[in-house]
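Chains A and Z supply the protein sequences, listed in that same order. Letter by letter, the first sequence follows residues 7 to 397 in our numbering. Letter by letter, the second sequence follows residues 7 to 397 in our numbering. So the structure is just underneath, and the comments pick up after that.
Protein chains: 2
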Amino acid sequence: MSNKSPYSPGTGTYGEVITQPRIFTFGQPPNEFVLESGQRLGPIDIVYETYGTLNADRSNAILIVHALTMDHHAAGKNAPADKAPGWWDDLIGPGKPFDTNRFYMICSNVLGGCRGTTGPTSLNPTTGKPFGMDFPVYTIKDMVRVQRELIRHLGIDHLLLVAGGSMGGMQVLEWGVTFPEMMDGLMPIATSGRMTAQNIAFNEIMRQTIMLDPAWNRGDYYPGTGPAAGLSIARMLGMVTYRSDELFTARFGRRMTNHYPEAYYNFENRFEIESYLHYQGEKLVERFDANTYILLCKAMDLHDIGRGHGGYEAALASIQAQTYFIGVDSDWLYPPLYMVEMAEIMKKAKGQAEYWELKSPHGHDAFLIEFEKMRPVVASYVQELARKRGL
Amino acid sequence: MSNKSPYSPGTGTYGEVITQPRIFTFGQPPNEFVLESGQRLGPIDIVYETYGTLNADRSNAILIVHALTMDHHAAGKNAPADKAPGWWDDLIGPGKPFDTNRFYMICSNVLGGCRGTTGPTSLNPTTGKPFGMDFPVYTIKDMVRVQRELIRHLGIDHLLLVAGGSMGGMQVLEWGVTFPEMMDGLMPIATSGRMTAQNIAFNEIMRQTIMLDPAWNRGDYYPGTGPAAGLSIARMLGMVTYRSDELFTARFGRRMTNHYPEAYYNFENRFEIESYLHYQGEKLVERFDANTYILLCKAMDLHDIGRGHGGYEAALASIQAQTYFIGVDSDWLYPPLYMVEMAEIMKKAKGQAEYWELKSPHGHDAFLIEFEKMRPVVASYVQELARKRGL
Numbered sequence: 007m008s009n010k011s012p013y014s015p016g017t018g019t020y021g022e023v024i025t026q027p028r029i030f031t032f033g034q035p036p037n038e039f040v041l042e043s044g045q046r047l048g049p050i051d052i053v054y055e056t057y058g059t060l061n062a063d064r065s066n067a068i069l070i071v072h073a074l075t076m077d078h079h080a081a082g083k084n085a086p087a088d089k090a091p092g093w094w095d096d097l098i099g100p101g102k103p104f105d106t107n108r109f110y111m112i113c114s115n116v117l118g119g120c121r122g123t124t125g126p127t128s129l130n131p132t133t134g135k136p137f138g139m140d141f142p143v144y145t146i147k148d149m150v151r152v153q154r155e156l157i158r159h160l161g162i163d164h165l166l167l168v169a170g171g172s173m174g175g176m177q178v179l180e181w182g183v184t185f186p187e188m189m190d191g192l193m194p195i196a197t198s199g200r201m202t203a204q205n206i207a208f209n210e211i212m213r214q215t216i217m218l219d220p221a222w223n224r225g226d227y228y229p230g231t232g233p234a235a236g237l238s239i240a241r242m243l244g245m246v247t248y249r250s251d252e253l254f255t256a257r258f259g260r261r262m263t264n265h266y267p268e269a270y271y272n273f274e275n276r277f278e279i280e281s282y283l284h285y286q287g288e289k290l291v292e293r294f295d296a297n298t299y300i301l302l303c304k305a306m307d308l309h310d311i312g313r314g315h316g317g318y319e320a321a322l323a324s325i326q327a328q329t330y331f332i333g334v335d336s337d338w339l340y341p342p343l344y345m346v347e348m349a350e351i352m353k354k355a356k357g358q359a360e361y362w363e364l365k366s367p368h369g370h371d372a373f374l375i376e377f378e379k380m381r382p383v384v385a386s387y388v389q390e391l392a393r394k395r396g397l
Numbered sequence: 007m008s009n010k011s012p013y014s015p016g017t018g019t020y021g022e023v024i025t026q027p028r029i030f031t032f033g034q035p036p037n038e039f040v041l042e043s044g045q046r047l048g049p050i051d052i053v054y055e056t057y058g059t060l061n062a063d064r065s066n067a068i069l070i071v072h073a074l075t076m077d078h079h080a081a082g083k084n085a086p087a088d089k090a091p092g093w094w095d096d097l098i099g100p101g102k103p104f105d106t107n108r109f110y111m112i113c114s115n116v117l118g119g120c121r122g123t124t125g126p127t128s129l130n131p132t133t134g135k136p137f138g139m140d141f142p143v144y145t146i147k148d149m150v151r152v153q154r155e156l157i158r159h160l161g162i163d164h165l166l167l168v169a170g171g172s173m174g175g176m177q178v179l180e181w182g183v184t185f186p187e188m189m190d191g192l193m194p195i196a197t198s199g200r201m202t203a204q205n206i207a208f209n210e211i212m213r214q215t216i217m218l219d220p221a222w223n224r225g226d227y228y229p230g231t232g233p234a235a236g237l238s239i240a241r242m243l244g245m246v247t248y249r250s251d252e253l254f255t256a257r258f259g260r261r262m263t264n265h266y267p268e269a270y271y272n273f274e275n276r277f278e279i280e281s282y283l284h285y286q287g288e289k290l291v292e293r294f295d296a297n298t299y300i301l302l303c304k305a306m307d308l309h310d311i312g313r314g315h316g317g318y319e320a321a322l323a324s325i326q327a328q329t330y331f332i333g334v335d336s337d338w339l340y341p342p343l344y345m346v347e348m349a350e351i352m353k354k355a356k357g358q359a360e361y362w363e364l365k366s367p368h369g370h371d372a373f374l375i376e377f378e379k380m381r382p383v384v385a386s387y388v389q390e391l392a393r394k395r396g397l
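Spelled out as structure tokens, the structure:
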């Protein structure tokens with residue numbers, strides 16, 4: 007059974023369902039949203055999609071939170087001609103782990119995003135021009151607090167589960183410490199409770215690379231595409247950190263695009279790994295904004311669940327939800343050891359934590375790839391939460 | 007005993023000895039040096055230093071080969087005012103593992119370098135201007151073949167040992183497969199027999215970053231300093247790969263340079279790890295040339311001891327020297343597993359190989375830092391070689 011195999015006909019799949027993003031707007035002046043920094047921002051648009059139906063007692067909602075370059079479009083297609091469905095379509099749909107026959111799934115583009123939610127590409131109401139780098143510094147906690155507004159707007163005051171990987175996992179954990187009574191379960195995947203110095207280092211190098219591109223122009227490049235070359239190189243670095251040495255060796259080895267011996271010493275002759283990274287870089291540029299990338303990376307750098315919660319251990323001890331950590335053995339960007347550590351701190355504090363390790367050569371990105379391995383595990387955890395909630 | 011402690015007075019230390027780089031020139035037209043690619047290059051200057059005295063039967067010579075941004079100045083000072091001695095001074099000197107009372111140490115700046123040996127900053131005899139990016143693509147094997155010319159010039163046809171780390175270790179291995187009968191010992195440290203796809207990926211990202219800087223100007227920036235910002239960012243990335251997550255966490259953690267709470271959300275407020283990397287980047291720019299960096303990285307990418315030797319395993323099997331591999335447990339750029347693998351392939355082929363693991367949190371760069379741990383091990387191996395040679 008391949009990752010892309012069709013699901014049994016008749017049950018339907020979100021892969022063929024047309025989903026419609028919606029917008030919720032809040033924080034109209036003078037009632038702007040107050041960021042963690044104290045800065046005021048508003049109005050804020052938040053773009054989101056939902057899959058499935060909210061039940062009568064509003065107890066079956068699951069919030070999915072996305073990673074750095076993903077968005078609110080987690081499942082289905084927005085138009086029949088879309089080449090691919092949403093980024094977690096393999097997990098979301100009728101009969102899938104996030105079963106849309108039973109659960110009401112919500113996914114929104116994060117604060118500071120570039121897919122419709124207010125961010126650096128949005129118009130700054132005080133200037134009438136896009137914010138660019140005047141967009142305020144925000145945090146993972148701000149993303150979560152904005153999602154809280156959306157949930158309230160949807161008439162929901164309790165979530166069955168919050169789940170996501172990477173930057174999504176950071177939001178999951180921040181949900182757990184900021185609104186500890188609001189959910190039954192948390193599923194942080196391939197993530198950490200606080201960015202390490204090495205994590206910050208990679209982000210700073212990516213930011214500097216974007217800002218080195220003259221087309222960045224201090225963030226003032228709209229309506230142009232901006233620093234395409236810089237963003238592309240940043241993405242190349244990101245991709246290396248999202249995969250593994252083992253995977254690259256297996257997939258590309260030392261093969262060159264032009265493998266004639268006489269081309270070996272040609273400076274322009276790329277190794278296949280180089281071609282692959284250039285392709286990935288160019289692909290991101292088509293769909294992502296550079297200032298947004300810079301500030302999202304900054305938000306990640308500021309990620310530390312201990313801040314405002316008495317430190318890292320106290321924050322973890324304050325989590326009330328049943329937490330299911332998923333680490334990836336080959337993930338060297340957010341090494342499993344930190345997830346194991348978090349689960350152990352929680353257990354010592356009498357919290358409900360479990361850790362499961364996804365065995366995969368794919369590195370950090372395995373949570374977007376290894377659906378066959380994840381499905382039974384995710385399904386069983388979601389069903390356990392549902393059973394406990396009487397769903 | 008600290009790494010920087012003075013040695014016993016009276017024995018002298020290279021830290022206080024004034025060493026004088028010398029130049030050997032060869033490959034005068036029409037007898038240019040023929041690169042592996044078939045391109046001709048000449049004349050070639052090779053800058054080198056020697057420490058100690060060549061014995062009567064010319065049997066006590068040890069060749070030290072350097073890493074990416076190092077040079078021929080491995081020990082002593084070139085002037086009394088020099089702040090620090092050469093890069094391996096802690097290992098080279100009277101009574102040290104590379105004992106200059108007993109051995110004749112040689113270290114040269116590699117082909118393509120920027121410290122005096124012919125490279126991109128040298129004048130192209132056909133144009134009268136610096137080569138820049140017109141400098142031909144060369145390889146690790148070319149570096150080694152140029153060193154062979156120097157050794158011949160010094161009247162030496164056998165080396166007791168060739169030793170070096172990182173790109174130096176690549177040269178060590180290339181020496182072993184290109185001139186298998188020319189040495190008693192090889193000491194490759196924190197290196198590999200062929201660059202992996204991930205290694206190449208990091209190099210390509212560094213090259214692209216330098217080339218993104220408008221001051222690079224397709225390599226035509228002399229006599230200016232050129233793409234300082236791009237080279238600095240490349241070095242920042244290099245430094246991350248040379249150290250470890252563990253080290254950065256211990257040394258910098260999540261501390262910010264301005265640690266007042268109100269500065270936390272300031273985009274310009276750097277984490278200490280960011281400051282450190284920027285400092286390292288700026289420091290490299292003062293002493294290194296960008297085109298040289300680009301082409302040295304390309305030479306590394308082409309590194310594969312199997313090329314021209316019937317493949318990786320056959321190449322290792324052809325090594326005749328007693329080989330002492332040193333890996334660093336926290337080195338994720340050139341993971342120890344590849345060094346273990348090389349030692350095992352050699353042993354299966356009845357070669358003389360040993361592997362020793364340096365335990366250190368310092369990552370790849372440990373071979374430039376952990377001198378206390380390395381000294382006894384290196385000394386004992388060198389003494390064994392000397393004893394066998396009757397020195």
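Glycine included, C-beta positions come from ideal geometry on N, C-alpha and C. Here the structure is a predicted model, which means the values were calculated and not measured.
Rounded Cβ spacing between residue i and residue j (contact assumed at less than 8 Å)
i	j	result
Leu-192 (chain Z)	Thr-59 (chain Z)	Actually they do not touch by this definition, with Cβ atoms about 23 Å apart.
Asp-148 (chain Z)	Leu-117 (chain Z)	6 Å
Glu-278 (chain Z)	Phe-258 (chain Z)	4 Å
Secondary structure of residue i, DSSP reduced to three states
i	result
Gly-16 (chain Z)	Caution applies to Gly-16 (chain Z), whose pLDDT of 34 falls short of 50 and renders its modelled position unreliable; the value that the coordinates give is listed next. Correct three-state label for Gly-16 (chain Z): coil.
Cys-120 (chain A)	coil
Thr-202 (chain Z)	coil
Val-291 (chain A)	helix
Trp-94 (chain A)	coil
Val-71 (chain A)	coil
Gln-214 (chain A)	helix
Met-380 (chain A)	helix
Trp-362 (chain A)	strand
Lys-102 (chain Z)	coil
Burial state of residue i (16 or more Cβ within 10 Å)
i	result
Leu-129 (chain A)	exposed
Pro-194 (chain A)	buried
Gln-177 (chain Z)	buried
Pro-382 (chain Z)	exposed
Glu-180 (chain A)	buried
Ala-256 (chain A)	exposed
Glu-378 (chain Z)	exposed
Asp-63 (chain A)	exposed
Arg-151 (chain Z)	buried
Asp-310 (chain A)	buried
Tyr-299 (chain Z)	buried
Ile-29 (chain Z)	exposed
Leu-290 (chain Z)	buried
Leu-343 (chain A)	exposed
Lys-354 (chain A)	exposed
Reference residue i, options the options, closest by Cα
i	options	result
Ala-85 (chain A)	A:Ser-65, A:Arg-28, A:Ile-24, A:Met-76	A:Ile-24
Met-111 (chain Z)	Z:Leu-97, Z:Ile-332, Z:Asn-272	Z:Leu-97
Gly-369 (chain Z)	Z:Val-383, Z:Thr-215, Z:Thr-247, Z:Ser-324	Z:Thr-247
Pro-367 (chain Z)	Z:Asp-163, Z:Ser-250, Z:Gly-317	Z:Ser-250
Asn-297 (chain Z)	Z:His-72, Z:Phe-141, Z:Gly-312	Z:Phe-141
Ile-157 (chain Z)	Z:Thr-231, Z:Ser-172, Z:Ala-67	Z:Ala-67
Pro-229 (chain A)	A:Ile-52, A:His-79, A:Glu-38, A:Pro-126	A:Pro-126
Glu-252 (chain Z)	A:Gln-286, A:Arg-260, A:Tyr-340	A:Tyr-340
Arg-200 (chain A)	A:Asn-107, A:Ser-238, A:Gly-175, A:Ala-355	A:Gly-175
Gly-48 (chain A)	A:Ser-172, A:Gly-33, A:Thr-123, A:Tyr-54	A:Gly-33
Met-306 (chain Z)	A:Asp-335, A:Tyr-271, A:Ala-323, A:Glu-292	A:Tyr-271
Original post:
Between the segment 203 to 234 of chain A and chain Z, which residues of the former have a C-beta closer than 7 Å to a C-beta of the latter?
Top reply: So the list reads Ala-203, Gln-204, Ile-206, Ala-207, Phe-208, Glu-210, Ile-211, Gln-214, Thr-215, Leu-218, Asp-219, Pro-220, given in the order they occur along the chain.
**OP:** Compile a chain-ordered list of the residues in the segment 356 to 367 of chain Z whose CB is closer than 9 Å to at least one CB of chain A.
**Re:** So nothing in the stretch comes that close.
Original post:
For the segment 246 to 269 of chain A, which residues have a beta carbon sitting closer than 7 Å to at least one beta carbon of chain Z?
Top reply: Val-246, Asp-251, Phe-254, Thr-255, Phe-258, Gly-259, Arg-260
Subject >> Contact residues within the segment 38 to 68 of chain Z, judged by C-beta distance below 9 Å to chain A >> reply: Leu-41, Glu-42, Ser-43, Gly-44, Gln-45
Original post:
According to a CB-to-CB cut-off of less than 8 Å, which residues of the segment 173 to 185 of chain A neighbour chain Z?
Top reply: none
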